[in-house]
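Below is one structure, written out as structure tokens, with a few remarks after it.
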Amino acid sequence: MSIKIKDRLLLAALCGPLAAACANLFLFAVNLFLPGKTVNMPQVTLEIFLIVGSYTALQRVLGFIWSLVIGGAYTFVYVLVLDWTGWRHLWLKALVVVNASWLFMAGYVMNSLALAVETRHEPLSIAAFFVAHIFFATVMALLVIKFGEE
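The opening position of the sequence shown corresponds to residue 115 in the working numbering, with each subsequent residue numbered one higher.
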């Protein structure tokens, strides 16, 4: 017996943070193998609100929690897109929603707010950040498929 969640906000509140936590761990693991400065999602979300150099444990926790909130918001937009366009091709639509968000957030917003400045010239770090978002989209789609209902 599978649990299905009819409420779209609750579906996003469950699936988004879970997918974000998975993507955070994935990016953390990938960053262990990259040379130079790397970027991670909790760091970027924390820099939206605070000007920080070296991070305290509390700041890292706050950044991680905020990245879960962002994951829930992305998932809510994704579920609304599914309701608007139909519940077919869920993984492809997840890629479109997350990649469009990534392009806007990582390209425009991060540049405008001068976030993660140290990693702007690190192509491997940027590529890993992008791949982590594709991973997030995949996990998000799988969770919405499992728990969502047309």
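Built from N, CA and C at the ideal position, the CB exists for glycine as well.
The structure presented is a predicted model; accordingly, all values stated were derived computationally and were not measured.
- For residue 131, the three-state secondary structure derived from DSSP is helix.
- Of the residues 196, 255 and 181, the one whose Cα lies closest to the Cα of residue 219 is 181.
- Each residue's CA atom was taken as its position, placing residue 137 and residue 118 some 23 Å apart.
- Close CB contacts of residue 144 within its chain, under the 6 Å cut and outside five residues either way in sequence, are with 242 (chain order).
- In the same chain as residue 148, and ignoring 5 residues on each side of it, the C-beta atoms closer than 7 Å to its own belong to 238, 239 and 242, in chain order.
- Taking each of 131, 225 and 205 in turn and checking the Cα distance to residue 158, the smallest one comes out for 225.
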